[in-house]
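Enquirer: Going left to right, the sequence shown walks through residues 1 to 66 as UniProt numbering numbers them.
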Amino acid sequence: MYKFSNNKTINYMVRQLLKQGWHVRKGKKHDVLIAPNNRRCAIPGSPSDYRAILNFNRDIKNLLGI
């Protein structure tokens with residue numbers, strides 16, 4: 001099983017999005033999550049900020065237009 005981030009919550013979120021039809025592209029520094037509408041968001045690999053989960057969740061919602 002591939003590990004997208006050191007944070008287990010972000011890993012879980014990415015796996016759930018992959019089941020919904022999203023894609024992941026490898027990057028040099030960060031993997032990139034690609035939405036079904038071809039918009040992109042970087043996956044934080046080693047989040048050191050305590051708000052990393054909140055920021056990632058916000059970015060996903062912005063991609064979806066929610």
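We treat Cβ as the ideally placed atom computed from N, Cα and C, and that holds for glycine. Quick caveat: nothing in here was measured; it's all calculated off a predicted structure.
Thinking just about the alpha-carbon of each residue, which of L33, R39, R25 and A52 is nearest to the one in Q16?
Expert: If you number the sequence shown from 1, residue 16 lands on position 16. Comparing Cα positions, the closest option is L33.
Enquirer: Curious, which full-length beta strand (DSSP E) runs of at least 3 residues does the segment 19-54 contain?
Expert: Segments of the beta strand (DSSP E) lying fully in the segment 19-54: 23-25, 31-34 and 40-43.
Enquirer: Helix, strand or coil for N6? Go by DSSP, reduced to three states.
Expert: Against the sequence shown, residue 6 aligns to sequence position 6. Coil.
Enquirer: Can you list, in chain order, the residues of its chain whose CB lies under 8 Å from that of D31, leaving out five sequence neighbours each side?
Expert: Indexing the sequence shown from 1 puts residue 31 at position 31. Same-chain partners within the cutoff: F4, V24, R25, A42, I43 and G45.
Enquirer: Assuming A52 contacts N7 (C-beta within less than 8 Å), just tell me the rounded distance between them.
Expert: For the purposes of this step, residue 52 is taken as residue 52 along the sequence shown, with counting starting at 1. For the purposes of this step, residue 7 is taken as residue 7 along the sequence shown, with counting starting at 1. The pair is a contact, with the Cβ atoms about 7 Å apart (cut-off 8 Å).
Enquirer: Taking the alpha carbon of R39 as the point to measure from, which residue in D59, S48, Y50 and D49 has its own alpha carbon closest?
Expert: Stepping through the sequence shown from its first residue, residue 39 is reached at position 39. It is D59 whose Cα lies nearest to the Cα of R39.
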